[in-house]
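*Asks:* One structure coming up, written as structure tokens, with questions to follow.
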Amino acid sequence: MRKVILGVAVSLDGFIEGPQGEYDWCFTDQDYGMKAFMKRIDALFVGRKTFEMIGDKAFRRKKHYVFSNTLKKAPGETEIISGEIGAQVKKIKAMKGQDIWLFGGASLTTTMMNAGFVDELSLAVHPILLGSGKPLFSELKGRIKTRLVEAKTYSTGLVMLHYLVL
Amino acid sequence: MRKVVYGMAVSLDGFMEGPNGETDWMSYNPGDSNEYIKPFDTFLLGRKSYEIMMKMGASANAFPGIASYVFSKSLAKVAEGFNLISTDAVPEVRRMKNAPGKDIALCGGALLASSLINAGLVDEIVLSIQSILLGSGKPMFQNLDKRIKTKLVKMKTNPGGVVLHYQVGDQA
Chain A
20 MRKVILGVAV
30 SLDGFIEGPQ
40 GEYDWCFTDQ
50 DYGMKAFMKR
60 IDALFVGRKT
70 FEMIGDKAFR
80 RKKHYVFSNT
90 LKKAPGETEI
100 ISGEIGAQVK
110 KIKAMKGQDI
120 WLFGGASLTT
130 TMMNAGFVDE
140 LSLAVHPILL
150 GSGKPLFSEL
160 KGRIKTRLVE
170 AKTYSTGLVM
180 LHYLVL
Chain B
1035 MRKVVYGMAV
1045 SLDGFMEGPN
1055 GETDWMSYNP
1065 GDSNEYIKPF
1075 DTFLLGRKSY
1085 EIMMKMGASA
1095 NAFPGIASYV
1105 FSKSLAKVAE
1115 GFNLISTDAV
1125 PEVRRMKNAP
1135 GKDIALCGGA
1145 LLASSLINAG
1155 LVDEIVLSIQ
1165 SILLGSGKPM
1175 FQNLDKRIKT
1185 KLVKMKTNPG
1195 GVVLHYQVGD
1205 QA
């Protein structure tokens, strides 16, 4: 079974975006394990709003699944997932292939977490307090236990935390 | 000058307490906390954190040699061994920092911590990130009025999760 990995950058106070959607605080000076991560995955789960921001060209040779009830057309190989997503996500996870990067945004992430579809969390904790913004999760239905499997620090103070969702 | 260190346990989604004030999800290791409190001779507590400590059966005697201050404008008195401060926290803590003594542990809550951070009085932050998502609850900071850069000085894993230790830097 393919695994779904939520991979996001978070501030020290738990925000994935600043109050105006800013992500200028995210480090881009080095790889931070991204190359290895990209070798692990061959597909992305993306919410509609996020997809409209990144398009289908940011991650070449990766299958993009865009979750939306309003989007009618998507470029190239991109597939639109609409309606009841449960059975469709199960089918994609059961397909042959590599793991899947749950890219965001917050609303898709919350839906996926609540449905129990997320297997791992990969959080790039940045050494900054944003003060306010969009939290990592909104409206999780209840507690979810995780197990820390790796914690890695970088020279810039970024800490990469890798959890299994239990 | 004495340092003020804000130390707390938070869930992986950044909450200090569950939606109904729950703290049962925190793993507690007495050995770790004895080690943690070594550099300190002073504890600072917000009113809510003090009330939670009292509910958990804490007493000032549990920490010999440590002076505990409760910041509250609504409480009329506090338990024996605690000191109540009803005036503004910022000038009070500024005065404490300039007085002689060991370092000062800020034990919560979010409002007190945020006002001290906004005033530039917090030198270090120690987050013990527990391996659990609470889904909702009370965030670890409230009303921070600007971005603040921090510098990672130490990371340690333990059975409860990971402890990240930062120096508070300048406005980002």
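Protein chains in written order, with this note's numbering: chain A, 20 to 185; chain B, 1035 to 1206.
The beta-carbon is built from N, C-alpha and C at its ideal position, and this holds for glycine as well.
The model shown is predicted, which means the values in this text are computed figures rather than measured ones.
Tell me, please, whether the CB atom of Ile1182 (chain B) is closer than 9 angstroms to any CB atom in chain A?
*Replies:* So, interface residue.
*Asks:* So, for Tyr1084 (chain B): in the same chain, excluding its five sequence neighbours on each side, which residues have a beta-carbon less than 6 angstroms away from its beta-carbon?
*Replies:* Once the five neighbours on either side are set aside, the close Cβ partners of Tyr1084 (chain B) are Val1104.
*Asks:* How should Arg79 (chain A) be labelled, buried or exposed, when 16 other C-beta atoms within 10 angstroms of its C-beta is the threshold for buried?
*Replies:* When all chains shown are included, Arg79 (chain A) counts as exposed.
*Asks:* How is Asn133 (chain A) classed by DSSP in three states: helix, strand or coil?
*Replies:* In the structure shown, Asn133 (chain A) sits in a helix (DSSP, three-state: H, G or I).
*Asks:* According to the Cβ coordinates, are Phe1074 (chain B) and Ser1170 (chain B) closer than 9 angstroms?
*Replies:* In this structure, Ser1170 (chain B) does not lie closer than 9 angstroms to Phe1074 (chain B) by Cβ.
*Asks:* Below 8 angstroms, can you find three or more Cβ-Cβ pairs linking the stretch 33 to 41 of chain A to the stretch 81 to 99 of chain A?
*Replies:* Verdict: no, contact absent.
*Asks:* So for Glu1114 (chain B), helix, strand or coil by DSSP?
*Replies:* Of the three classes helix, strand and coil, the one that applies to Glu1114 (chain B) here is coil, per DSSP.
*Asks:* Counting only Cβ-Cβ distances shorter than 8 angstroms, please list the residues of the stretch 152 to 170 of chain A near chain B, keeping chain order.
*Replies:* Against chain B - using a Cβ distance shorter than 8 angstroms - the residues of the stretch 152 to 170 of chain A are Pro154, Leu155, Phe156, Glu158, Leu159, Lys160, Gly161, Arg162, Ile163, Lys164, Thr165, Arg166, Leu167, Ala170.
*Asks:* Against Lys1185 (chain B), what residues of chain A qualify as contacts under a CB-to-CB distance less than 7 angstroms, listed in chain order?
*Replies:* Near Lys1185 (chain B) (Cβ distances below 7 angstroms), the residues of chain A are Pro146, Gly176.
*Asks:* Which residues in chain A sit within 7 angstroms of Asp1179 (chain B), going by Cβ to Cβ distance?
*Replies:* What Asp1179 (chain B) touches in chain A: Gly150.
*Asks:* Excluding the five sequence neighbours on either side, which residues of its own chain have a C-beta within less than 6 angstroms of the C-beta of Ala1094 (chain B), listed in chain order?
*Replies:* Counting only Cβ-Cβ distances below 6 angstroms, and skipping sequence neighbours, we find Ser1102, Gly1115, Phe1116.
*Asks:* If the criterion is Cβ atoms closer than 9 angstroms, does the pair Arg67 (chain A) and Phe46 (chain A) meet it?
*Replies:* Taking 9 angstroms as the Cβ cut-off, Arg67 (chain A) and Phe46 (chain A) do not qualify as a contacting pair.
*Asks:* Indicate whether Lys1131 (chain B) and Met1035 (chain B) have their beta-carbon atoms separated by less than 9 angstroms.
*Replies:* Yes.
*Asks:* To which residues of the same chain is Ile1119 (chain B) closer than 8 angstroms at the C-beta, ignoring the five residues directly before and after it?
*Replies:* So the qualifying residues of the chain are Tyr1103, Val1104, Phe1105, Ser1106, Glu1126.
*Asks:* With burial defined as no fewer than 16 other Cβ atoms inside 10 Å of the residue's Cβ, what is the status of Tyr1062 (chain B): buried or exposed?
*Replies:* With fewer than 16 other Cβ atoms within 10 Å, it is exposed.
*Asks:* What ranges does the beta strand (DSSP E) occupy inside the stretch 56 to 91 of chain A, keeping only unbroken runs of at least 3 residues that lie completely in it?
*Replies:* Runs found: 60 to 66, 82 to 86.
*Asks:* Quick test of your reading: Val29 (chain A) and Leu121 (chain A), contact by CB under 8 angstroms. State the CB separation rounded to the nearest angstrom.
*Replies:* The Cβ separation is near 14 angstroms, so there is no contact.
*Asks:* Can you tell me whether Gln1164 (chain B) is buried or exposed? The criterion is at least 16 other CB atoms within 10 Å of its CB, across all chains shown.
*Replies:* Per the 10 Å Cβ criterion, buried.
*Asks:* Which residue wins for smallest C-alpha separation from Lys1082 (chain B), given the options B:Val1197, B:Val1112, B:Tyr1070?
*Replies:* Checked all of B:Val1197, B:Val1112, B:Tyr1070; the closest Cα to Lys1082 (chain B) is B:Val1112.
*Asks:* Using the three-state DSSP reduction, which class does Gly26 (chain A) fall into: helix, strand or coil?
*Replies:* In this structure, Gly26 (chain A) counts as strand in the three-state DSSP scheme.
*Asks:* Anyone know if the C-beta pair for Gly1194 (chain B) and Ala1043 (chain B) falls short of 9 angstroms?
*Replies:* The answer is yes: Cβ separation under 9 angstroms.
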